[in-house]
Amino acid sequence: MEKGPWIFVEDDGYVSPSLYSVPSHYSPYIGGIFVPRGMIQDRIKKIAEDVINYFQDHPITILVVLRGAFRYAKDLIEAIDAMPNPNFRHYNLEFIRARSYVNNVQQDVLVEGLDQLDLTGKHVLIVEDLVDRGKTLSRVAEIVREKNPADLKISVLAYKRNPINQWVVPDFIGFSLPNDWIIGYHIDYNNHFRDLPHICKLNEAGIEKFRV
Ligand SMILES: O=P(O)(O)OC[C@H]1O[C@H](OP(=O)(O)OP(=O)(O)O)[C@H](O)[C@@H]1O
Numbered sequence: 001m002e003k004g005p006w007i008f009v010e011d012d013g014y015v016s017p018s019l020y021s022v023p024s025h026y027s028p029y030i031g032g033i034f035v036p037r038g039m040i041q042d043r044i045k046k047i048a049e050d051v052i053n054y055f056q057d058h059p060i061t062i063l064v065v066l067r068g069a070f071r072y073a074k075d076l077i078e079a080i081d082a083m084p085n086p087n088f089r090h091y092n093l094e095f096i097r098a099r100s101y102v103n104n105v106q107q108d109v110l111v112e113g114l115d116q117l118d119l120t121g122k123h124v125l126i127v128e129d130l131v132d133r134g135k136t137l138s139r140v141a142e143i144v145r146e147k148n149p150a151d152l153k154i155s156v157l158a159y160k161r162n163p164i165n166q167w168v169v170p171d172f173i174g175f176s177l178p179n180d181w182i183i184g185y186h187i188d189y190n191n192h193f194r195d196l197p198h199i200c201k202l203n204e205a206g207i208e209k210f211r212v
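Under full-length UniProt numbering, the residue at position 129 of the sequence shown is numbered 129, and the numbers go up by one with no gaps.
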């Protein structure tokens, strides 16, 4: 993945969790903070502008991939709502569920809630929290394309530089991150750390502690 219109976080581009406010029950398991909450919010404001500038006056069907993308989608929509010129923006929301990870091992990708959606002729924006190996987004996009949308774009907050990922680079990316185990800002490890406000690196102690 070339450096591009996203914020590139270097492999050692994390800071100590002691520099930011972190819940004490999580701090032993955080290897470092890659992106603090305020920077995430600022980046999302710009992505909201980019999305609206791209879709112009086409109504957007925003397809949120639960559960991980919940917080990113919420903040993206709030940023769109806060933009000037309310006559310009026009979107509706749909929610699907995709899941695949137990511990840090990927199982088959399960997608729920997409079968019954009619996306024919719609201008669709898939909103996802994380690309890791790329299998989830690849599968979701494949199903969406079969529904003949007029347009399909993809936004991902966190794009991991996982060499296994052969997936096409999404259209709107928040941050390019190292190939570490990423947690926080609703990105989970076995359903833990979703409420951690910053995007962080999970350490070995955390991988062991919350293994199921
Ligand atoms: O690029 P990939 O290797 O396919 O992985 C990315 C997916 O993994 C996470 O989902 P998870 O299975 O943890 O479910 P969740 O959305 O409920 O957190 C994340 O939310 C993405 O959907």
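Where a beta carbon is used, it is the ideal one built from N, C-alpha and C, also for glycine.
Through-space distance from residue j to residue i, alpha-carbon basis
| i | j | result |
| --- | --- | --- |
| Y189 | G32 | 15 Å |
| R99 | S18 | 32 Å |
| P149 | I96 | 16 Å |
| F8 | S176 | 5 Å |
| D81 | R89 | 8 Å |
| K122 | P59 | 8 Å |
| L196 | R37 | 9 Å |
| V35 | I62 | 25 Å |
| A73 | Y14 | 24 Å |
| A48 | V144 | 22 Å |
| D115 | Y20 | 42 Å |
| T136 | I154 | 12 Å |
| D118 | E146 | 11 Å |
| W6 | N87 | 28 Å |
| R67 | F55 | 25 Å |
| K201 | V22 | 13 Å |
| P84 | M39 | 21 Å |
| I207 | E128 | 23 Å |
| N53 | E94 | 21 Å |
| L130 | G174 | 10 Å |
| N165 | D180 | 14 Å |
| V212 | E204 | 14 Å |
| A141 | D12 | 32 Å |
Short CB-CB distance (under 8 Å) between residue i and chain C
| i | result |
| --- | --- |
| L114 | No chain C is present in this structure, which holds just one protein chain. |
Identity of the residues DSSP links to residue i by a beta bridge
| i | result |
| --- | --- |
| V64 | F95, V127 |
| I187 | G184 |
| F8 | S176 |
| Y159 | V131, S176 |
| G32 | K201 |
| I154 | I126 |
| H192 | Y189 |
| V15 | I33 |
Short Cβ contact (8 Å threshold) for residue i with residue j
| i | j | result |
| --- | --- | --- |
| I182 | A158 | yes |
| Y26 | F172 | no |
| V156 | P178 | no |
| I126 | V65 | yes |
| K45 | A79 | yes |
| K209 | Y29 | yes |
| residue 282 | H186 | Limits of the chain in this structure are 1 at one end and 212 at the other, which puts residue 282 out of reach. |
| Q41 | D75 | yes |
| N92 | D132 | no |
| V124 | L152 | yes |
| R139 | V105 | no |
Residue i beta carbon near ligand 2 (any heavy atom closer than 7 Å)
| i | result |
| --- | --- |
| S100 | Ligands in the displayed structure: ligand 1; ligand 2 is not one of them. |
Residue ranges of each alpha helix (DSSP H) within the segment 100 to 152, 4 or longer: Whole alpha helix (DSSP H) segments, 4+ residues: 135 to 146.
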